[in-house]
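Heads up, the thing below is written out as structure tokens.
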Amino acid sequence: MTESPFNNQIMTLSEVAEYLKVAEKTILRMIQKGEIPCAKVASQWRFMRPMIDDWLISRMNVIPKNDLSSLLIKEGSLVPLSRLIRRERILTGLPAGSKEEMLDALIAPLSLSRENRKLFLKKLMQREDMSSTAIGQSIAIPHLRRPEENIITGPEVILGICPEGCDFDSIDSKPTYLFFLIITDSEVVHLRIISRISQIAGDRKLIRKLVNATDGERALGLILDSEKSGKFEAS
Numbered sequence: 012m013t014e015s016p017f018n019n020q021i022m023t024l025s026e027v028a029e030y031l032k033v034a035e036k037t038i039l040r041m042i043q044k045g046e047i048p049c050a051k052v053a054s055q056w057r058f059m060r061p062m063i064d065d066w067l068i069s070r071m072n073v074i075p076k077n078d079l080s081s082l083l084i085k086e087g088s089l090v091p092l093s094r095l096i097r098r099e100r101i102l103t104g105l106p107a108g109s110k111e112e113m114l115d116a117l118i119a120p121l122s123l124s125r126e127n128r129k130l131f132l133k134k135l136m137q138r139e140d141m142s143s144t145a146i147g148q149s150i151a152i153p154h155l156r157r158p159e160e161n162i163i164t165g166p167e168v169i170l171g172i173c174p175e176g177c178d179f180d181s182i183d184s185k186p187t188y189l190f191f192l193i194i195t196d197s198e199v200v201h202l203r204i205i206s207r208i209s210q211i212a213g214d215r216k217l218i219r220k221l222v223n224a225t226d227g228e229r230a231l232g233l234i235l236d237s238e239k240s241g242k243f244e245a246s
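Here it is in structure tokens:
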């Protein structure tokens with residue numbers, strides 16, 4: 012018996028279109044609007060099956076609780092990634108470790124009780140057990156399977172930089188250097204943030220500079236500069 016392509020963890024554009032029963036052009040429009048989770052690998056769009064399933068499950072969105080979330084939903088294209096990243100929550104020089112160690116380091120800056128920290132880490136690991144959130148191009152985007160289960164409202168992004176790189180089961184089988192931990196209780200906002208991060212994934216020069224950043228001010232400045240220029244370079 013022929014194995015269904017939907018049993019694969021990673022789907023192509025045509026496969027995800029068939030899976031969702033829509034035209035490929037519809038998927039491409041959704042990508043352009045940042046409405047569907049995806050990543051570019053070797054100039055081709057790829058879709059992680061567990062992330063697509065998460066997205067389908069979470070279509071009943073939680074109403075955001077603050078103005079930034081509302082702005083991201085209403086005018087997502089106007090809210091830059093830099094506005095979601097606080098300088099003091101950019102972690103440079105992270106040592107390479109296991110998935111659990113990397114995730115624990117990422118949530119360390121959050122003001123969580125010991126019990127909530129363990130719970131948050133457990134939920135992040137449960138998501139990783141389904142399929143790695145390392146989308147290739149040196150980047151991982153850890154997040155909960157269901158944004159509405161976040162114990163922190165957000166929205167915000169914690170950036171972790173591991174200069175030596177670590178094995179995070181990336182879809183391109185290469186080391187992961189940059190970790191963007193997404194914190195939001197809204198699926199719409201979650202997808203908007205993924206859209207921002209996917210732009211960075213397409214800029215190899217920016218990625219190299221971020222990996223070499225030695226402090227939060229430098230890293231945030233690099234992101235700000237790329238947003239101001241509006242250019243993302245693939246070379």
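Position 30, counted from 1, in the sequence shown is what the working numbering calls 41; the numbers after and before it change by one each time, with no gaps.
Every residue, glycine too, gets a C-beta built ideally from N, C-alpha and C.
Practice problem: For D196, count neighbouring Cβ atoms within 10 angstroms of its own Cβ and tell me buried if that reaches 16, exposed if not. | Solution: buried
Self-check item: Residues bridged to I190 (per DSSP)
Solution: In the sequence as displayed, the identity of residue 190 is Phe instead of Ile. Looking at the DSSP output, F190 shares a beta bridge with A151, G171.
Quiz item: Under the three-state reduction of DSSP, which class applies to Q55: helix, strand or coil?
Solution: strand
Practice problem: Below 6 Å CB to CB, which residues in the same chain sit around L102 once its five sequence neighbours on both sides are set aside? | Solution: The residues are G171.
Self-check item: Assigned secondary structure, D78 (DSSP; H/G/I helix, E/B strand, else coil)
Solution: With a pLDDT of 47 at D78, under the threshold of 50, the modelled position of this residue cannot be trusted; read the value that follows with caution. Under the three-state reduction of DSSP output, D78 falls in the helix class.
Practice problem: Classify A245 as buried or exposed, calling it buried when 16 or more other Cβ atoms lie within 10 Å of its own Cβ. | Solution: Since pLDDT at A245 reaches only 41, below the 50 mark, its modelled position is unreliable, and no value is offered.
Quiz item: Since A50 sits in a beta bridge, which residues does DSSP pair it with?
Solution: DSSP output for A50 lists R57 as bridge partner(s).
Quiz item: Does the region 133 to 141 come close enough to the region 91 to 106 to have 3 or more Cβ pairs within less than 8 Å?
Solution: no
Quiz item: Using 8 Å as the Cβ pair cut-off and three pairs as the minimum, do the region 143 to 159 and the region 173 to 193 touch?
Solution: yes
Quiz item: Is the distance from the Cβ of K110 to the Cβ of F191 below 8 Å?
Solution: no
Quiz item: Since A145 sits in a beta bridge, which residues does DSSP pair it with?
Solution: A151
Self-check item: Environment of P158 [buried if 16+ CB atoms lie within 10 Å]
Solution: buried
Practice problem: Determine the DSSP secondary structure at L114, reduced to helix, strand or coil. | Solution: helix
Quiz item: At a cut of 8 Å, does the region 45 to 54 reach the region 205 to 224 through at least three beta carbon pairs?
Solution: Between the region 45 to 54 and the region 205 to 224, the count of C-beta pairs closer than 8 Å reaches three or more; the two stretches touch.
Quiz item: My guess is that P61 and S142 are in contact by the Cβ rule of under 8 Å, so how many angstroms apart are they, rounded?
Solution: 4 Å
Practice problem: Please name the residue in K36, R156, L231 whose C-alpha comes closest to that of W66. | Solution: R156
Quiz item: Among the residues of its own chain, which have a CB less than 7 Å from the CB of N161, if the five just before and after it don't count?
Solution: Around N161: L155, I194, T195, D196.
Quiz item: Can I38 and V52 be called in contact, C-beta distance under 8 Å?
Solution: No, Cβ-Cβ distance for I38 and V52 is not below 8 Å.
Practice problem: Look at the alpha carbon of A151 and the alpha carbon of M22, and state the distance between them as a whole number of angstroms. | Solution: 18 Å
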